[in-house]
Amino acid sequence: MSADTQQQTETERHPRLESRLVGHEEAEARFLKAHLAGKLHHAWILAGPKGIGKATLAYRVARFVLRHPRPSAEGIAPDSLYVPPEDPVFRRVASRAHADLITIERRYDPKTKRLKAEIGAEDARKAGQFFARTAGEGGWRVCIVDAADDMNASAANALLKTLEEPPRDALFLLVSNVPGRLLPTIRSRCVRLDLAPLSNDQVLDVVRHSDGLDAPPDEATLRLAADIAEGSPGRAIQYLETSGFTLFNDFLKLVERTPGLDIARALDFAERLKPAQALDDYRLFAEMLSSWLGGEIRKAARGEGDWGGRITPATMSRWVDAHHAIGHSIARANALNLDRRQVVMQAFRLIDDTARAAR
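FYI, the UniProt record's numbering numbers position 185 of the sequence shown as 185, with every residue one higher than the one before it.
See the structure below:
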């Protein structure tokens, strides 16, 4: 069954199309062991930061369970959940055409030409309707909710009714970026599996193999994206796809001159983020800025770098304070819709002043 009746234009490679899973070996092994032993719990929360491969793992689990509903009866002992792309099950899942898989996610709104802000009750009730029918292929039926955090209260309660009385051979895979937002009653009925961010090398591996990028970036750009993505390949790819990353690179060129910031050029830079149509770029830029500075501080604390001598043991606390101040300024501006140029200029000045203190 295609869970997604919406006509949605996908601008990035969907996790259901991914045959590779980088990292998360322990999580994969846990699913495999439980399924081979015939002890697969009916509901799982795949928890962790956005973009690290939770949905990719969910589809990998779904494909394997649909392809091998009774592995012991088949006499197989695989060492992974891999199903090859040429397999009919893989193809049906990839084309949203498998009768025994439903995906609950935010729907595309043709009026706004955007995804809806949340998953509504109507969407969540589809799970109950889906499980009320007999399995199309006589095996498992799988429901993926991506992301479960996007459900509004009505949707969460609708899904809970199905979770409370699951039919035989039903599997729920709830992808969650912030599991604390889920209803306690939903969490109590699920096995929680925490997935960790990937290493920089793993992020680079995923990005290099991604066909979602229009053009392969150079190695330096790739590494910068991986550095500031905080273990999230999805975030790294998102950065590389936007003009916000070009803005961030220009920002770095300016702060590399600190102390001694060129105020005129900094003001020109801030002006680029003023227009209303630059809001998305600004938000990504602000996220990258916070991640980059936090990363430089952490690297210095581990003795892995000092950003050109700027971050020293003597000035570490100053940099931490600057990082917190920039984060607070960004959050306050977002909440109160303040002038974005002021936020950017404050970040420039804080970095310049703190770098000067290190000299």
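C-beta atoms are modelled at their ideal positions from N, C-alpha and C, and glycine is treated no differently.
Quantities reported herein were computed from a predicted structural model and do not represent experimental measurements.
Item                                                                                                                             : Value
Coil, strand or helix - Thr242 by DSSP                                                                                           : coil
Residue of Glu287, Met345 and Ala215 minimising C-alpha distance to Lys274                                                       : Met345
Three-way DSSP call (helix, strand, coil) for Arg67 in this model                                                                : helix
Minimum C-alpha distance to Gly295 - residue among Met316, Thr258 and Ser80                                                      : Met316
8 Å contact criterion, which Ala170 and Arg133 should meet: CB distance rounded                                                  : Wrong, their Cβ atoms sit about 12 Å apart, outside the cutoff.
Own chain residues within Cβ distance below 7 Å of Arg298, not counting five before or after                                     : none
Proximity winner among Ala196, Tyr108 and Phe131, relative to Gly48 (alpha-carbon distances)                                     : Ala196
Buried/exposed call for Gln238, threshold 16 Cβ in 10 Å                                                                          : buried
C-beta contact flag for Gly309 and Ala358 at 8 Å                                                                                 : yes
Asp146 to Ser232 span [Cα, whole Å]                                                                                              : 17 Å
Proximity to Phe64 [Cα-Cα], best of Leu81, Ser154, Ala94 and Arg340                                                              : Leu81
Burial state of Lys54 (16 or more Cβ within 10 Å)                                                                                : buried
Alpha-carbon to alpha-carbon, Ala266 and His328                                                                                  : 20 Å
Start and end residues, beta strand (DSSP E) containing Phe141                                                                   : The question names Phe, but residue 141 is Arg in the sequence shown. Its beta strand (DSSP E) spans residues Arg141 to Asp146.
Buried/exposed call for His209, threshold 16 Cβ in 10 Å                                                                          : exposed
Nearest candidate by alpha-carbon position, reference Ala264, set Asp321, Arg349, Phe248 and Pro184                              : Arg349
Where the alpha helix (DSSP H) through Arg91 begins and ends                                                                     : Pro88 to Ala94
Opening and closing residue of the alpha helix (DSSP H) in which Ala331 lies                                                     : Met316 to Leu336
C-alpha distance - Leu213 paired with Glu165, whole-angstrom precision                                                           : 43 Å
Inter-residue spacing [alpha-carbon to alpha-carbon] between Ile351 and Gln342                                                   : 14 Å
CA-to-CA distance, Ala278 to Ser176, given in whole angstroms                                                                    : 29 Å
Sequence-distant residues of its chain with Cβ nearer than 8 Å to Asp281 (five each side left out)                               : Thr242, Ser243, Gly244, Leu247 and Leu273
Terminal residues of the beta strand (DSSP E) in which Trp292 lies                                                               : Note, Trp292: premise wrong, no beta strand (DSSP E); alpha helix (DSSP H) at Leu279 to Ala301.
Beta-carbon separation (whole angstroms), Ala62 vs Val93, contact threshold 8 Å                                                  : 7 Å
Contacts around Leu66, its chain only, beta-carbon distance under 8 Å, and the 5 residues preceding and following it disregarded : Val89, Val93, His98, Asp100, Leu101, Glu137, Gly139, Trp140 and Val142
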